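Visitor: Following full-length UniProt numbering, the numbering of the sequence shown begins with 1 at its first residue and continues without gaps.
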Amino acid sequence: MVKEHSPESITRQLSSLLDNGELDTLFQPVVNLLSQETQGYNVLVTGVPGSPFSNPELLYNTAEQTQQLALFTETMLQTILSRAYTLHIDELLFIEIPALAVAQHFVSASTLRLAVEALGMPASRFVIQVKDDRPLINASTLREQLIAFKSLDFKTAVANIGAGFKSAEFWLECQPDFCKLPRHLVDDIHNDPLKQELLFEITDKSNKRTRFIAPGNGALPQIETLFRAGIHLYQGSEFGSYRSIPAKGRLPSINSTSTYTEPERLTCQSLAYYVKPLQPETKLKEVAERFATGDSASCLPVVGNNKPLGIAHKWRILELFSTQYGRALFENKPIVDFISSDTIIVDEHTPLLDLSRMLTGAEDHYVRQNFLISREHYYLGMGRTRDLLKLITDTKIDAAKYANPLSGLPGNVPINKQIQLLCKKSTPCWIAYFDLDNFKPFNDVFGYSKGDDAIIMLATILSEQLSDLGFVGHVGGDDFIATFSENISPEPICRYIIEQFIQRSRPLYPDTIREQGYFEARDRYGNWRCHPLVNLSIGIIHVRNPDQIGHHQIAELAAAAKKSAKESQRHLVIVSTDDNTSVVPYTLARKRIQHPEPEKCQD
Numbered sequence: 001m002v003k004e005h006s007p008e009s010i011t012r013q014l015s016s017l018l019d020n021g022e023l024d025t026l027f028q029p030v031v032n033l034l035s036q037e038t039q040g041y042n043v044l045v046t047g048v049p050g051s052p053f054s055n056p057e058l059l060y061n062t063a064e065q066t067q068q069l070a071l072f073t074e075t076m077l078q079t080i081l082s083r084a085y086t087l088h089i090d091e092l093l094f095i096e097i098p099a100l101a102v103a104q105h106f107v108s109a110s111t112l113r114l115a116v117e118a119l120g121m122p123a124s125r126f127v128i129q130v131k132d133d134r135p136l137i138n139a140s141t142l143r144e145q146l147i148a149f150k151s152l153d154f155k156t157a158v159a160n161i162g163a164g165f166k167s168a169e170f171w172l173e174c175q176p177d178f179c180k181l182p183r184h185l186v187d188d189i190h191n192d193p194l195k196q197e198l199l200f201e202i203t204d205k206s207n208k209r210t211r212f213i214a215p216g217n218g219a220l221p222q223i224e225t226l227f228r229a230g231i232h233l234y235q236g237s238e239f240g241s242y243r244s245i246p247a248k249g250r251l252p253s254i255n256s257t258s259t260y261t262e263p264e265r266l267t268c269q270s271l272a273y274y275v276k277p278l279q280p281e282t283k284l285k286e287v288a289e290r291f292a293t294g295d296s297a298s299c300l301p302v303v304g305n306n307k308p309l310g311i312a313h314k315w316r317i318l319e320l321f322s323t324q325y326g327r328a329l330f331e332n333k334p335i336v337d338f339i340s341s342d343t344i345i346v347d348e349h350t351p352l353l354d355l356s357r358m359l360t361g362a363e364d365h366y367v368r369q370n371f372l373i374s375r376e377h378y379y380l381g382m383g384r385t386r387d388l389l390k391l392i393t394d395t396k397i398d399a400a401k402y403a404n405p406l407s408g409l410p411g412n413v414p415i416n417k418q419i420q421l422l423c424k425k426s427t428p429c430w431i432a433y434f435d436l437d438n439f440k441p442f443n444d445v446f447g448y449s450k451g452d453d454a455i456i457m458l459a460t461i462l463s464e465q466l467s468d469l470g471f472v473g474h475v476g477g478d479d480f481i482a483t484f485s486e487n488i489s490p491e492p493i494c495r496y497i498i499e500q501f502i503q504r505s506r507p508l509y510p511d512t513i514r515e516q517g518y519f520e521a522r523d524r525y526g527n528w529r530c531h532p533l534v535n536l537s538i539g540i541i542h543v544r545n546p547d548q549i550g551h552h553q554i555a556e557l558a559a560a561a562k563k564s565a566k567e568s569q570r571h572l573v574i575v576s577t578d579d580n581t582s583v584v585p586y587t588l589a590r591k592r593i594q595h596p597e598p599e600k601c602q603d
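If you want it as structure tokens, here you go:
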């Protein structure tokens, strides 16, 4: 154990450590929750076990304080490149290099490129990451260095934007490939419209050239809010800890419109961003000054007693002041007298499709570009029409991409996401598996067109009865899945669904078949058999603790319940999952579902 703590002894210890290359590398995964894969690894160096420099920050700070930053940077890069070559890492490697070291040319883009090529690795695999943690005297040199790295195919990243480097100006000029968001910005962002607006401004300025990485250790609603804002990359302990040998990151399921969300379920809350409002008595000259400072591009909300009153438009103020005596006449007037009388104000729970109809259905044929959003009649924030249209468009594109082409219902990807979400949130629920009986022989005898009609008919009934209660998905063929709250009694609804299908499907048959109640078809062995008319079987499971089971096993249990319903010929079987995830009897349908009984097939 090192017992000396004088500056001289610390300098000697660090010099010895660097001269002997006694550094360890640690890798933490950077995960992509959109593609559900590990995007790369953040790499840090520390002293070997037993050294006083086991903390990366302490190691860096000591190197700077003892005038050994150049040697530290060189040794660090040699250690990381050697380790990356040995471990055959194919993912991106985010290398944290002190900004001061980059600015003072302690690391050269061309020299690093030669070192990387000598090991047979592409420069594009490495992300040169500088930490924006202090004001720099020579920011222009740092900017030139980062641009030089990009010109040689390295990727670049800036961490903690806004802490130094003259904030956004530096970032915009460097145009890094990645930007790590500061923790204070993302913490509790799902409950803070002001932070959401700031994030929107940052991401909007990036012009899509920069990909943002959010720190982890946040609640699921926080991550979901970031995800909806287009932040798909994350780094934090819940996704994977620092390890000497890189390990794939943990990938939680995110309930997001980027995976699949039905457009009808989206509400205005997802569009709200906070803008500091004007008071009704604010004078026009003060409003003009605020517009002049760039506080808002085109409009500001007017709020009295925390309740939204309307929107003040910049063009309106400029129009009033542009006349010969306009400023003298109006500058001391209150803004409340000049707000738009046609301002659209909606509650946060208003469906986006309803808002879209309000904006496009006005008789004056003028599409308003902004609107106000309230929470229980109090001001919550503003919304942009462009954001509304983009969200609806993106959601519909995703819905079409993941939808079953025949029924239009969500397919396997959103079904899996939905069940994963239930597991993640440990939400007790009912899961129902629907399957048509005698469908294959029906399809063989009456043709695929009639078969498609039967499937579409079932999809329509399920949507009518269950869409407002939960989630409905189309597994494929004649199989469907639905999830809904455990507070809903499943048996009456599912009985009604069976009865509706029996009633609506009978016109699919010729009169003679419908009257006799069966049809004949060859089985897989080529033998003629009689089959009852197509009907419906439903297996339902009550999942008390989905987090203890997992989405794969839940799907298996639902399929087993459906199989039990078909084999028992009761057409409706309800089971429960106990703490050991086995299937146990819960409630059998109290009576068999009545179907027309077929007469005996004639030989």
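No residue lacks a Cβ here, since even glycine has one placed at the ideal position from N, Cα and C. What you are looking at is a predicted structure, and each value in this text was computed from that prediction instead of being measured.
1) What separation, rounded to the nearest whole angstrom, lies between the Cα atoms of A459 and L409?
2) Quick check on the burial criterion: 16 or more other C-beta atoms within 10 angstroms. Buried or exposed for K396?
3) Just list the residues that DSSP pairs G477 with in beta bridges.
4) Of all the options Q503, T343 and H531, which has the alpha carbon lying nearest to the alpha carbon of I513?
5) Would you decide whether H184 is buried or exposed? Buried here means 16 or more other CB atoms lie within 10 Å of its CB.
6) Can you say whether T73 is buried or exposed, counting buried as having 16 or more other CB atoms within 10 angstroms of its CB?
7) Please name the residue, chosen from L251, S270, V127 and P221, that lies closest to T210 on a Cα-to-Cα basis.
8) Please state if the CB of L77 and the CB of residue 618 are separated by a distance shorter than 8 Å.
9) Does D19 come out as helix, strand or coil in the three-state DSSP assignment?
10) Would you report the Cα separation of I493 and I461, rounded to the nearest angstrom?
11) Tell me whether R83 is buried or exposed, calling it buried when 16 or more other Cβ atoms sit within 10 Å of its Cβ.
12) For the segment 381–392 against the segment 271–286, do three or more pairs of beta-carbon atoms, one drawn from each stretch, fall closer than 8 Å, so that the two count as touching?
13) Do you know whose CA, among L44, Y41, I538 and Q67, lies nearest E8's CA?
14) What separation, rounded to the nearest whole angstrom, lies between the Cα atoms of L146 and E289?
15) So, is K248 buried or exposed, given that buried needs 16 or more other C-beta atoms within 10 angstroms?
16) Starting from the C-beta of D444, find all residues in its chain whose C-beta is less than 6 Å away, skip the five residues before and the five after it, and write them out in chain order.
17) Look at F94 and A70 and say whether their C-beta atoms are less than 8 Å apart.
18) Does the structure place the segment 335–349 close enough to the segment 232–246 that three or more beta carbon pairs sit under 8 Å?
19) State the start and end residues of the unbroken alpha helix (DSSP H) segment that holds M76.
20) Let me know the secondary structure DSSP gives G326 once reduced to three states.
21) Checking 8 Å against the spacing of the C-beta atoms, do V303 and A312 come in under that value?
22) Got a sec, what are the start and stop residues for the beta strand (DSSP E) E238 sits in?
23) Please state the DSSP three-state secondary structure of A432.
24) Locate the beta strand (DSSP E) running through A312, then write down its first and last residues.
25) Using 8 Å as the Cβ pair cut-off and three pairs as the minimum, do the segment 467–482 and the segment 427–438 touch?
26) Count the other CB atoms within 10 Å of the CB of K155; is the residue buried (16 or more) or exposed (fewer)?
27) Since F106 is in the alpha helix (DSSP H), which residue starts that stretch and which ends it?
28) Roughly how many angstroms separate the alpha carbons of Q222 and P29, rounded to a whole number?
29) Could you please give me the residues that DSSP links to V30 through a beta bridge?
30) My understanding is that residue 610 touches K283, with C-beta atoms under 8 Å, so please give their C-beta distance in whole angstroms.
31) Which residues does DSSP list as the beta-bridge partners of H531?
32) From R529 to S426, what distance separates their C-alpha atoms?
33) Thinking C-alpha only, which one of I538, D468, T141 and L372 is nearest I344?
34) Might you give, ordered along the chain, the residues of its own chain that have their beta carbon closer than 6 Å to the beta carbon of Q369, omitting 5 neighbours on each side?
35) My guess is that S356 and P308 are in contact by the Cβ rule of under 8 Å, so how many angstroms apart are they, rounded?
36) Can the beta-carbon of E486 be found closer than 8 Å to that of H551?
Guide: If we stick to the structure as given:
1) Taking the Cα positions, A459 is about 8 Å away from L409.
2) Burial call: exposed.
3) Paired residue(s): none; G477 is not in a bridge.
4) Comparing Cα positions, the closest option is H531.
5) With fewer than 16 Cβ atoms within 10 Å of its Cβ, H184 is classed as exposed.
6) Buried is the label assigned to T73, since at least 16 other Cβ atoms lie within 10 Å of its Cβ.
7) The residue from L251, S270, V127 and P221 with its alpha-carbon nearest to that of T210 is V127.
8) Nothing about residue 618 can be reported from this structure: the residues present for the chain run from 1 to 603 only.
9) Reduced to three states, the DSSP call for D19 is helix.
10) Distance from the CA atom of I493 to the CA atom of I461, rounded to whole angstroms, is 11 Å.
11) Counting the other Cβ atoms within 10 Å of the Cβ of R83 gives 16 or more, which makes it buried.
12) The segment 381–392 is in contact with the segment 271–286.
13) For E8, the nearest C-alpha among the options comes from Q67.
14) Rounded to whole angstroms, L146 to E289 spans 38 Å at the Cα level.
15) Counting Cβ neighbours within 10 Å, K248 comes out exposed, since fewer than 16 surround it.
16) Answer for D444: A521, listed in chain order.
17) It is not a contact, given that the beta carbons lie outside the stated cut-off.
18) Cβ pair count under 8 Å is below three, so no.
19) M76 -> alpha helix (DSSP H) spans L69 to L87.
20) Collapsing the DSSP output to three states places G326 in a helix.
21) Their beta carbons are not under 8 Å apart, which means V303 does not touch A312 by this criterion.
22) That residue, E238, is in no beta strand (DSSP E); it is neither H nor E in DSSP.
23) Residue state, collapsed to three classes: strand.
24) K307 to H313 is the extent of the beta strand (DSSP E) around A312.
25) By the criterion of at least three beta-carbon pairs nearer than 8 Å, the segment 467–482 is in contact with the segment 427–438.
26) So K155 counts as buried.
27) Run containing F106: none; DSSP gives neither H nor E here.
28) Computed Cα separation, rounded: 20 Å.
29) Bridge partners of V30: G40.
30) Residue 610 lies beyond the range of the chain shown here (1 to 603); nothing can be said about it.
31) In the DSSP secondary-structure assignment, H531 is bridged to F519.
32) Whole-angstrom Cα-Cα distance: 46 Å.
33) Residue nearest to I344 within the set I538, D468, T141 and L372 is L372 (criterion: CA-CA distance).
34) Closer than 6 Å at the Cβ level, and outside the excluded window around Q369, lie T385.
35) That belief does not hold up - the Cβ atoms of S356 and P308 are roughly 20 Å apart, past 8 Å.
36) The criterion of a C-beta distance shorter than 8 Å is not satisfied by E486 and H551.
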